[in-house]
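S.K.: Residue numbers (my numbering): 2 to 257. Sending over a structure as structure tokens; questions will come in a sec.
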């Protein structure tokens, strides 16, 4: 089962870091946020990723091209220039790095990846700037059990994020970034069927607006309620919080 990670945005609220790199490449504990997110999925056996690139996507490509060399022991013959990578603990991930456009919105990036998905295929999708201790097998079981096209992982964070209301487990209201109030919000970690691409008209479409609102209106969006840890990395303060947790050996998202 493929996991799509949206990694193409500008990350303007973290401009201190993102002026020189895409937000998913901002490091926590010496590793890019993207690495942390992929490890969460890989821990549960999901090791095929489709990364939607945009802003400074060449830096993400370069990271994976050099991944084995930078994370393994090396022997280099300086006379010939030949190098040998010694496999200590090889990672079996398959990573597809796909340019989805510099200015494409979140929905448009998902739509552009349709060629990487089989007809009627289920896939996972999340953002490249947030971590959680989500029980991925339980999330998948929930999605497969309700038979709708889409599942969003709902979490409880600050009120500045998009709010979700329910009837049972069915989503009946989805408002992006309300100004007041607290409750369940969009925490990423989606499970989707390829048919959701039909709800995305073009590159300018924000996934969090028309597609999720239409899926909600048609009764096709369900919510998996995650009561555990979830943290985005939108600001320097949040980046430093994650760094402190990692350095102190108290990172709740480190399930591997």
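The C-beta atom is built at its ideal place from N, Cα and C for all residues, glycine as well.
Do residue 10 and residue 46 count as a contact pair if the criterion is CB distance below 8 Å?
M.R.: Position 45 of the chain shown, counted from the start, is the residue given in the question as residue 46. Position 9 of the chain shown, counted from the start, is the residue given in the question as residue 10. Their beta carbons are not under 8 Å apart, which means residue 46 does not touch residue 10 by this criterion.
S.K.: When burial is assigned at 16 or more other CB atoms within 10 Å of the CB, is residue 121 buried or exposed?
M.R.: In the chain shown, the residue the question calls residue 121 occupies position 120. Classification for residue 121: exposed.
S.K.: DSSP on residue 194, reduced to helix/strand/coil?
M.R.: In the chain shown, residue 194 corresponds to position 193, counting from 1. The answer is strand: DSSP assigns residue 194 an E or B state.
S.K.: With DSSP collapsed to three states, give me the class of residue 87.
M.R.: Locating residue 87 in the chain shown gives position 86, where the first residue counts as 1. It is a strand residue.
S.K.: Name the DSSP beta bridge partners of residue 49, please?
M.R.: As a position in the chain shown, residue 49 is number 48, starting the count at 1. Paired residues: 3, 95.
S.K.: Cα-Cα, which of 58, 67, 137 is closest to residue 101?
M.R.: Here residue 101 is taken as the residue at index 100 of the chain shown, counted from 1. Comparing Cα positions, the closest option is 58.
S.K.: Whole-angstrom Cβ separation of residue 226 and residue 254, contact assumed at under 8 Å?
M.R.: The residue given as residue 226 occupies position 225 in the chain shown. The residue given as residue 254 occupies position 253 in the chain shown. At roughly 18 Å, the Cβ-Cβ gap does not stay under 8 Å, so residue 226 and residue 254 are not in contact.
S.K.: From the DSSP output, read off the bridge partner residues of residue 223.
M.R.: Taking the chain shown and counting its residues from 1, the one referred to as residue 223 is at position 222. Answer by DSSP bridge pairing, in chain order: 152, 171.
S.K.: Relative to the C-alpha of residue 36, which candidate in 18, 195, 8 has its C-alpha closest?
M.R.: As a position in the chain shown, residue 36 is number 35, starting the count at 1. Minimum Cα distance to residue 36 is reached at 8.
S.K.: Where does the unbroken alpha helix (DSSP H) through residue 60 begin, and where does it stop?
M.R.: Working through the chain shown from its first residue, we reach residue 60 at position 59. That run of the alpha helix (DSSP H) goes 58-66.
S.K.: Are residue 154 and residue 191 close, meaning C-beta to C-beta below 8 Å?
M.R.: Here the question's residue 154 lines up with position 153 in the chain shown. Here the question's residue 191 lines up with position 190 in the chain shown. In this structure, residue 191 lies closer than 8 Å to residue 154 by Cβ.
S.K.: For my contact list, residue 235 and residue 130 are in at a C-beta cut-off of 8 Å; report their separation, rounded to the angstrom.
M.R.: The sequence position of residue 235 within the chain shown is 234, counting from 1. The sequence position of residue 130 within the chain shown is 129, counting from 1. That pair is a contact at about 7 Å.
S.K.: Within a Cβ cutoff of 8 Å, which residues of the same chain sit near residue 22, ignoring the five residues on either side of it in sequence?
M.R.: For the purposes of this step, residue 22 is taken as the residue at position 21 of the chain shown. Cβ within range, chain order: 57, 60.
S.K.: Could you check what DSSP says for residue 241 in three-state terms: helix, strand or coil?
M.R.: The residue given as residue 241 occupies position 240 in the chain shown. Residue 241 falls in the helix class under three-state DSSP.
S.K.: Reducing DSSP to helix, strand and coil, say where residue 28 ends up.
M.R.: If you number the chain shown from 1, residue 28 lands on position 27. Reduced to three states, the DSSP call for residue 28 is strand.
S.K.: Which whole-angstrom value describes the C-beta separation of residue 64 and residue 2, a residue pair presumed to lie in contact below a C-beta threshold of 8 Å?
M.R.: Here residue 64 is taken as the residue at index 63 of the chain shown, counted from 1. Here residue 2 is taken as the residue at index 1 of the chain shown, counted from 1. That belief does not hold up - the Cβ atoms of residue 64 and residue 2 are roughly 24 Å apart, past 8 Å.
S.K.: For residue 169, count neighbouring Cβ atoms within 10 angstroms of its own Cβ and tell me buried if that reaches 16, exposed if not.
M.R.: As a working note, residue 169 is residue 168 in the chain shown. When all chains shown are included, residue 169 counts as exposed.
S.K.: In the DSSP assignment, find the unbroken beta strand (DSSP E) run with residue 42 in it and report its ends.
M.R.: Walking along the chain shown from the start, residue 42 turns up at place 41. Unbroken run through residue 42 is the alpha helix (DSSP H), 34-44; no beta strand (DSSP E).
S.K.: Using 8 Å for Cβ pairs, my map puts residue 50 next to residue 4. What's the rounded Cβ distance?
M.R.: What you label residue 50 is simply residue 49 of the chain shown in a count that begins at 1. What you label residue 4 is simply residue 3 of the chain shown in a count that begins at 1. About 5 Å separates the two Cβ atoms, so the contact holds.
S.K.: Does DSSP classify residue 75 as helix, strand or coil?
M.R.: In the chain shown, residue 75 corresponds to position 74, counting from 1. Residue 75: strand per DSSP, three-state reduction.
S.K.: Given this structure, state the Cα-to-Cα distance separating residue 182 from residue 158, to the nearest angstrom.
M.R.: Along the chain shown, one-based indexing puts residue 182 at 181. Along the chain shown, one-based indexing puts residue 158 at 157. For residue 182, the pLDDT reaches just 48, beneath the cut-off of 50, and the residue's location in the model is therefore unreliable, leaving the point undetermined.
S.K.: Only counting the same chain, and skipping five residues up and downstream in sequence, which positions put a Cβ closer than 6 Å to that of residue 180?
M.R.: Counted from its first residue, the chain shown places residue 180 at position 179. Low confidence applies here, because residue 180 scores a pLDDT of 44, under 50, leaving its location unreliable and the question unanswered by this model.
S.K.: Could you tell me which of 209, 231, 193, 214 sits nearest to residue 115, measuring between CA atoms?
M.R.: The count along the chain shown starts at 1 and reaches residue 115 at position 114. Checking every option, the nearest Cα to that of residue 115 belongs to 193.
S.K.: Less than 8 Å between the beta carbons of residue 282 and residue 42, yes or no?
M.R.: Because the chain is modelled from 2 through 257, residue 282 falls outside the range shown and cannot be assessed.
S.K.: I believe residue 151 touches residue 197 by the beta-carbon criterion, under 8 Å. Please report the beta-carbon distance rounded to the nearest angstrom.
M.R.: Translated into the one-based positions of the chain shown, residue 151 becomes position 150. Translated into the one-based positions of the chain shown, residue 197 becomes position 196. Contact holds; Cβ gap of about 6 Å.
S.K.: Rounded to a whole number of angstroms, what is the C-alpha to C-alpha distance between residue 97 and residue 242?
M.R.: Taking the chain shown and counting its residues from 1, the one referred to as residue 97 is at position 96. Taking the chain shown and counting its residues from 1, the one referred to as residue 242 is at position 241. Answer to the nearest angstrom: the Cα atoms are 30 Å apart.
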